[in-house]
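K.L.:
Please find one structure pasted underneath; my questions will follow.
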Amino acid sequence: MLRTEFGALLCRGRKKRIVTLILILIFLINAMFYVSFELYNTVMRKNKKLWYNRLKYDKNSYVDESGMRVIVGHYVGGIGGANLSEEIMHTNNYSPVPGAGEGGRPVQLSPRELITARELYTLHSYNILVSDRIAINRSLPDMRSDSCRSVVYDTEELPTASVIIVFHNEAWSTLMRTIMSVLMRSPQLLLKQIILVDDASDRRYLSEELDNAVANLDKVQILRSSNRNGLVGARLMGARVATGDVLVFLDAHCEVTKGWLEPLLDRAGNDDVFICPHIDLLSEDTLAYTKSIDAHWGAFSWRLHFRWLTPSGDVMLKKIRNPSKPYPTPAMAGGLFAVRKSLFWRLGGYDSGMLIWGAENLELSWRAWQCGARVEITPCSRVGHIFRRHSPYKYPGGVSKVLNSNLARAATVWMDEWADFFFKFNPPISAIRDQQNVYDRVELRKNLHCKSFEWYLENVWPQHFFPTTKRWFGRIKNEKGACLGITGGTPGLGAPALGLQCGTDLDLDRLLVYTPEGKIMADEGLCLQQGNGRAVWKSCSDNKKQIWVQDGARLKTISGSCLTLLISEKNSDGIDEALTSKRCVEDDSQIWHFERVPWR
Ligand code: UD2
Ligand code: MN
Numbered sequence: 001m002l003r004t005e006f007g008a009l010l011c012r013g014r015k016k017r018i019v020t021l022i023l024i025l026i027f028l029i030n031a032m033f034y035v036s037f038e039l040y041n042t043v044m045r046k047n048k049k050l051w052y053n054r055l056k057y058d059k060n061s062y063v064d065e066s067g068m069r070v071i072v073g074h075y076v077g078g079i080g081g082a083n084l085s086e087e088i089m090h091t092n093n094y095s096p097v098p099g100a101g102e103g104g105r106p107v108q109l110s111p112r113e114l115i116t117a118r119e120l121y122t123l124h125s126y127n128i129l130v131s132d133r134i135a136i137n138r139s140l141p142d143m144r145s146d147s148c149r150s151v152v153y154d155t156e157e158l159p160t161a162s163v164i165i166v167f168h169n170e171a172w173s174t175l176m177r178t179i180m181s182v183l184m185r186s187p188q189l190l191l192k193q194i195i196l197v198d199d200a201s202d203r204r205y206l207s208e209e210l211d212n213a214v215a216n217l218d219k220v221q222i223l224r225s226s227n228r229n230g231l232v233g234a235r236l237m238g239a240r241v242a243t244g245d246v247l248v249f250l251d252a253h254c255e256v257t258k259g260w261l262e263p264l265l266d267r268a269g270n271d272d273v274f275i276c277p278h279i280d281l282l283s284e285d286t287l288a289y290t291k292s293i294d295a296h297w298g299a300f301s302w303r304l305h306f307r308w309l310t311p312s313g314d315v316m317l318k319k320i321r322n323p324s325k326p327y328p329t330p331a332m333a334g335g336l337f338a339v340r341k342s343l344f345w346r347l348g349g350y351d352s353g354m355l356i357w358g359a360e361n362l363e364l365s366w367r368a369w370q371c372g373a374r375v376e377i378t379p380c381s382r383v384g385h386i387f388r389r390h391s392p393y394k395y396p397g398g399v400s401k402v403l404n405s406n407l408a409r410a411a412t413v414w415m416d417e418w419a420d421f422f423f424k425f426n427p428p429i430s431a432i433r434d435q436q437n438v439y440d441r442v443e444l445r446k447n448l449h450c451k452s453f454e455w456y457l458e459n460v461w462p463q464h465f466f467p468t469t470k471r472w473f474g475r476i477k478n479e480k481g482a483c484l485g486i487t488g489g490t491p492g493l494g495a496p497a498l499g500l501q502c503g504t505d506l507d508l509d510r511l512l513v514y515t516p517e518g519k520i521m522a523d524e525g526l527c528l529q530q531g532n533g534r535a536v537w538k539s540c541s542d543n544k545k546q547i548w549v550q551d552g553a554r555l556k557t558i559s560g561s562c563l564t565l566l567i568s569e570k571n572s573d574g575i576d577e578a579l580t581s582k583r584c585v586e587d588d589s590q591i592w593h594f595e596r597v598p599w600r
C-alpha cells in the first residue's frame with residue numbers, strides 16, 4: 001500500500017517536470033520569435049526614409065530661445081527647396097501607427113520629430129505629424145456625465161440630421177477623422193447625410209484623393225466651390241442642399257464622442273433654438289482629447305471679441321440642479337451647432353455679405369435671441385475641437401479688412417446705440433461702416449419684428465459689462481495724476497490694479513463703467529476688487545469686495561475703507577503704483593475724479 005502510493009507520487013513528480021520543461025521550451029521559442037521580429041522592425045525602420053526626414057533646413061530657419069528650430073515665414077524652402085515645400089503642402093502623409101492616440105490619449109514625439117512638427121506647424125496651426133499618425137477611426141472614451149448617460153431618447157421620434165462640414169485647405173487626416181467620428185458615433189436612423197463643402201481649397205490631396213476616399217463612404221457627399229467664399233458662403237451652400245430636418249454644423253477638425261447627436265436633435269426639434277454641444281479640447285500639439293470646464297457660456301468683449309465666461313448665478317444653480325439640461329448662452333462660439341432647417345431659413349440663414357471668417361457667430365446669436373429664438377448649450381453632447389492660436393489660411397483682402405467689415409455689418413444691423421459705442425472706440429472699423437450694404441439685413445430685422453439690443457442685454461445677459469443709460473462711463477483719475485484701467489493685450493485675471501497713464505478719450509483700456517450698485521467694470525468683464533492687501537482686477541461676480549461706494553471724492557469699500565493709490569516718494573503721479581483700500585485719511589492719494597466720457 002505504502003509502496004504503491006510512493007510510486008504514484010514519484011510518477012506524478014516526473015510528469016510535473018516534463019510539463020514544466022515543455023512550458024519553458026514554448027516560452028523560449030516565443031521569446032526568440034519576438035526578439036527577431038523586433039530586430040527586423042528596427043532595421044526596417046532605419047532603412048525606411050520618412051518623408052519628413054527629407055526636409056531641408058535653410059537660412060529661413062533659426063533656433064529660438066528654447067533651442068527649437070523655427071521657420072520664419074510660411075513654408076520651408078525658398079530657392080532650391082521650393083519643390084520640396086510644394087510636395088509637403090500638397091501630399092497626404094497620413095500613415096497611422098497602431099495604437100497612437102487611441103482612447104483620446106496624447107501622441108508624444110521624439111525631439112527630432114518635434115523640430116519637424118514645429119516647422120510644419122504653419123501648414124495647419126496644429127501638429128500635423130501627430131494627426132497623420134492617429135487612425136482616422138480612433139477610439140474615444142464616453143465623455144458624458146453619469147446624468148447625461150442615463151437620459152433615454154426615443155430615436156424613432158427624433159428629427160434627422162444633415163451634418164455640414166466646411167473646409168479650406170484642411171489636413172486630410174483631421175478632416176477624415178471628423179467625418180469618421182460622425183459616421184461611427186451617430187445612430188444610422190438619425191444621420192441623413194454628411195455634406196462636405198470644399199471652400200476653394202488648393203491642396204492637391206483634397207481633390208481626387210478625397211473624392212475617392214469619400215466615394216467609399218455611405219451618406220457622404222462633397223460640394224466644391226470654385227471661389228473662396230469663406231465659411232458663411234460655404235455653410236450656406238451646404239444648407240441649401242440639405243435634406244435632413246436639422247442642420248448640424250461642424251468645423252473640419254472635430255471629433256464627436258458617444259451620444260453626441262441625440263441631445264442636439266432632441267432640443268433642435270423644438271424649432272425655437274440654436275443648440276450647441278459642449279465643446280471639449282483636442283490639443284493642437286498632441287491631439288489628446290481633454291474635457292473643457294463645465295461651467296462656461298459664450299459672450300463678447302467691448303471690442304466684440306468672442307469670450308468664454310462663467311454663467312450667471314441663477315444659470316449655475318439650474319445647471320447644478322439639472323446637470324443634463326440645456327442652458328442658455330448669450331452667444332455661441334459659432335462652429336458647432338444644430339438648428340431645425342426651417343428655423344435656420346425663417347430667421348434669414350446667414351448674412352452672406354460676411355466674408356472668410358469672423359463675426360457671423362455673434363450676428364447669428366443676436367439675431368436668434370432678438371428675433372424670438374434662443375441659443376443654448378447642451379452639456380450632454382460632447383464634441384472635441386482643435387482650438388488654434390493662429391489662422392493658417394489666407395484672408396483675401398487682408399485679415400483686418402475682412403474682420404472689420406464683418407464686425408461692422410453685425411454691429412450696424414443688431415446693436416442699436418451700442419453700435420455707436422463700438423464704432424466710436426474703433427475708428428478703423430468706423431471708417432468702413434458706410435461701405436457695408438446691409439439693407440437686406442435691416443429689412444429682415446424689421447420683417448421679423450425683432451427686439452432691441454437693450455432688451456438682449458437686459459434679459460439675456462443681465463450681468464454684461466457694457467455701458468448703459470443707467471451706468472456712468474468714463475475715466476477715474478486720482479488727484480495725483482494716475483488713472484484706473486487695465487493693461488491691454490492679455491489682461492491678467494487677478495492681476496494687481498495699478499495707477500496708469502490716463503490716455504485719450506478713445507483709450508478703451510482706461511475707460512470704465514461704474515454701476516449704480518458700485519461696481520467698477522473694465523472691458524473683458526473685469527471688476528476692481530479688494531484682494532489680500534492689494535486691489536486687483538477679477539472677473540465680475542457677486543463678491544462684495546467688488547463694491548466701491550462713492551462718498552464725495554472717495555471710493556469706499558463695504559467695510560468703509562478708502563481706495564488708495566500707494567505712492568512712493570520718487571513717483572509723485574502714481575503711475576505703475578499699486579492700489580489698495582486703507583483707512584480713510586486726509587490725503588490726495590484717496591481723492592478720485594470721475595471724468596465722464598460720452599459712450600455713443
Ligand atoms: C470659431 C468657430 C468657427 C467660426 C469662427 C468665427 C468654433 C469651434 N469655431 O473659429 O466655426 O464660427 O469662430 O468666424 O466655434 N473655413 C472655410 N473657409 C474660409 C475660412 C474657414 O471653409 O475661408 C472653414 C475652416 O476650414 C473650418 C471652419 O471654416 O472648418 C471654421 O474656421 P476655423 O476653424 O479657422 O475657425 P475657429 O475654430 O478658429
Ligand atoms: Mn475651428
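According to UniProt numbering, the sequence shown holds residues 1 to 600 in order. The C-beta atom is built at its ideal place from N, Cα and C for all residues, glycine as well. None of the values given here were measured: they were computed from a predicted structure.
(1) Answer yes or no: the CB of Gly230 versus the heavy atoms of the ligand MN, is any distance below 6 Å?
(2) Quick check: does the Cβ of Ile293 come within less than 6 Å of any heavy atom belonging to the ligand UD2?
(3) List the DSSP bridge partners of Leu512.
(4) Where does Gln546 fall in DSSP's three states?
(5) Do Tyr456 and Trp369 have their C-beta atoms closer together than 7 Å?
(6) Between the C-alpha atoms of Asn543 and Thr557, what's the straight-line distance to the nearest angstrom?
(7) Following a CB-centred definition, is Asn227 positioned closer than 6 Å to any heavy atom of the ligand UD2?
(8) Can you determine whether any heavy atom of the ligand MN sits closer than 6 Å to the C-beta of Gly372, and answer yes or no?
(9) I'd like to know whether the C-beta atoms of residue 603 and Gly485 end up nearer to each other than 7 Å.
(10) Do Asp245 and Pro159 have their C-beta atoms closer together than 7 Å?
(11) So, helix, strand or coil for Ala411, using DSSP?
(12) Is it a yes or a no for the region 333–347 touching the region 246–255, going by three-plus beta-carbon pairs under 8 Å?
(13) Taking 6 Å as the line, does the beta carbon of Gly481 fall inside it for any heavy atom of the ligand MN?
(14) Do three or more CB pairs link the region 472–483 to the region 564–584 at distances below 8 Å?
(15) Can you tell me whether Ile547 is buried or exposed? The criterion is at least 16 other CB atoms within 10 Å of its CB, across all chains shown.
(16) At a threshold of 6 Å, does Asp434 count as lining the ligand MN (C-beta to nearest heavy atom)?
(17) Where do the N-terminal and C-terminal ends of the alpha helix (DSSP H) with Thr122 fall, by residue?
(18) Which of the three DSSP states is assigned to Thr580 in this structure?
(19) Could you check if Leu217 is buried or exposed, using at least 16 other CB atoms within 10 Å of its CB as the buried criterion?
(20) By DSSP, does Val197 sit in helix, in strand, or in coil?
(21) Within the present structure, is the beta-carbon of Ile356 separated from the nearest heavy atom of the ligand UD2 by less than 6 Å?
(22) Use the C-beta contact count for His593: other C-beta atoms within 10 angstroms, 16 or more gives buried, fewer gives exposed.
(23) Does the pairing of the region 372–384 with the region 137–153 give three or more beta-carbon distances under 8 Å?
(24) Among all the DSSP beta bridges, which residues are the ones paired with residue 605?
(25) Give the secondary structure of Tyr393 by DSSP, where H, G and I count as helix, E and B as strand, and everything else as coil.
(26) Cβ of Asp280 versus every heavy atom of the ligand MN: is any distance shorter than 6 Å?
(27) Smallest Cα separation from Lys401: which of Arg374, Gln435, Lys192 and Ser186?
(28) What does a CB cutoff of less than 6 Å around Met332 pick up in its chain, not counting 5 residues either side in sequence?
(29) Would you list the residues sitting across from Trp592 in a DSSP beta bridge?
(30) Looking only at its own chain, which residues have a Cβ that is under 7 Å from the Cβ of Ile373, when we skip the five neighbours before and after it?
(31) Which stretch, first to last residue, makes up the beta strand (DSSP E) that contains Thr564?
(32) Return the chain-ordered list of same chain residues with a C-beta closer than 6 Å to the C-beta of Asp285, the five sequence neighbours on each side being excluded.
(33) Output yes or no for whether 7 Å exceeds the beta carbon distance between Arg600 and Asp416.
(34) Which residue comes first and which comes last in the alpha helix (DSSP H) that contains Phe422?
(35) Once DSSP output is grouped into helix, strand and coil, what is the label at Asp211?
P.N.:
This is what the structure holds:
(1) The answer is no for Gly230.
(2) no
(3) Partner(s): Gly474.
(4) helix
(5) yes
(6) 12 Å
(7) Checking the Cβ of Asn227 against the ligand UD2 gives no.
(8) no
(9) Because the chain here runs from 1 to 600, residue 603 falls outside it and cannot be looked at.
(10) yes
(11) helix
(12) yes
(13) Result no, Cβ not under 6 Å from the ligand MN.
(14) Short answer: they touch.
(15) buried
(16) no
(17) Pro111 to His124
(18) strand
(19) exposed
(20) strand
(21) Yes; taking the cut-off as 6 Å, the Cβ of Ile356 has a heavy atom of the ligand UD2 nearer than that.
(22) Burial call: exposed.
(23) yes
(24) Nothing can be reported for residue 605, as the shown portion of the chain is limited to 1 through 600.
(25) coil
(26) no
(27) Gln435
(28) Cys276, Gly298, Asn361, Ser365 and Val375
(29) Answer is Asn478, bridged to Trp592.
(30) Residue identity differs from the one stated: residue 373 is Ala in this sequence, not Ile. Here the set comprises Asp272, Val273, Phe274, Leu343 and Leu347.
(31) Per DSSP, Thr564 belongs to the beta strand (DSSP E) from Cys562 to Leu565.
(32) Closer than 6 Å at the Cβ level, and outside the excluded window around Asp285, lie Asn127.
(33) no
(34) Glu417 to Lys424
(35) helix
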